[in-house]
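Only one structure is covered here, and it is reproduced in the block below.
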Amino acid sequence: MSTPGLTALGESTRLVPANTPAVFEILPPPGQSLSKGECVATVLTPSKSKLNARVTHEAANGAARIEFVPTEVGTHIIEASIVGTKIAGGPLIAKVYDASLIQVTDVNGGVVGQPCQFRVDASAAGEGQLEISINEGEVPNHVQVVGGGRCLVSFTPEQAKS
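Just add 119 to wherever you are in the sequence shown, counting from 1, and you've got the numbering used here.
This is the structure in structure tokens:
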């Protein structure tokens, strides 16, 4: 059963960097507010363990603020309830990624005017948008998706860099 009129502010599915706070706000129906202790949230990690979520209340708009710090890459499911009744549109989803887990390999010295390539493995980093640029985007490149979060990047150096 869900609570009518209660909604999550913003997208119910979000990309969240690991080791930084994930924040969701639950808005009450217009003209109402949520009292302290009415909103409870549990977070289920990708490894099926439970994380503590801190729930605070915003006096200005009567909303409940759910906050937790994910450390594990993957999909976290946030179940929020008001006085024991789940919110409409739930559960909330945090897709956690860790850019520090992206590996770049097979980087060899390049020769001006001759094609070269390197590999990027983002398979352990979680979901997200991967952007690859060479020399701050000044050198065109081609990305061949190998699959499973891995790709091969090709480019031709245009000038020597000192």
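Even for Gly, the Cβ is constructed at its ideal location relative to N, Cα and C.
None of the values given here were measured: they were computed from a predicted structure.
Alpha carbon to alpha carbon, how far is residue 274 from residue 297? Give it in angstroms, no decimals.
Because the chain spans 120 through 281 in this model, residue 297 falls outside it and cannot be assessed.
Residues of its chain near residue 137, where Cβ-Cβ distance is below 7 Å and the 5 sequence neighbours each way are ignored
As a first step, residue 137 must be located in the sequence shown, where it is residue number 18. Hits under 7 Å: 189, 190, 192, 215, 216 and 217.
Beta strand (DSSP E) segment containing residue 136, residue limits:
For the purposes of this step, residue 136 is taken as the residue at position 17 of the sequence shown. Its beta strand (DSSP E) spans residues 132-136.
Mapping the DSSP letters down to three states, classify residue 166 as helix, strand or coil.
What you label residue 166 is simply residue 47 of the sequence shown in a count that begins at 1. Reduced to three states, the DSSP call for residue 166 is coil.
Would residue 166 be called buried (16 or more neighbouring beta carbons within 10 Å of its own) or exposed?
Taking the first residue of the sequence shown as 1, we reach residue 166 at position 47. Classification of residue 166: exposed, given that the 10 Å Cβ count is below 16.
Helix, strand or coil: which one does DSSP assign to residue 219?
What you label residue 219 is simply residue 100 of the sequence shown in a count that begins at 1. Three-state DSSP puts residue 219 in a helix.
Expressed to the nearest angstrom, what Euclidean distance is found between the alpha-carbon atoms of residue 120 and residue 140?
For the purposes of this step, residue 120 is identified with residue 1 of the sequence shown, where counting begins at 1. For the purposes of this step, residue 140 is identified with residue 21 of the sequence shown, where counting begins at 1. For residue 120, the pLDDT reaches just 42, beneath the cut-off of 50, and the residue's location in the model is therefore unreliable, leaving the point undetermined.
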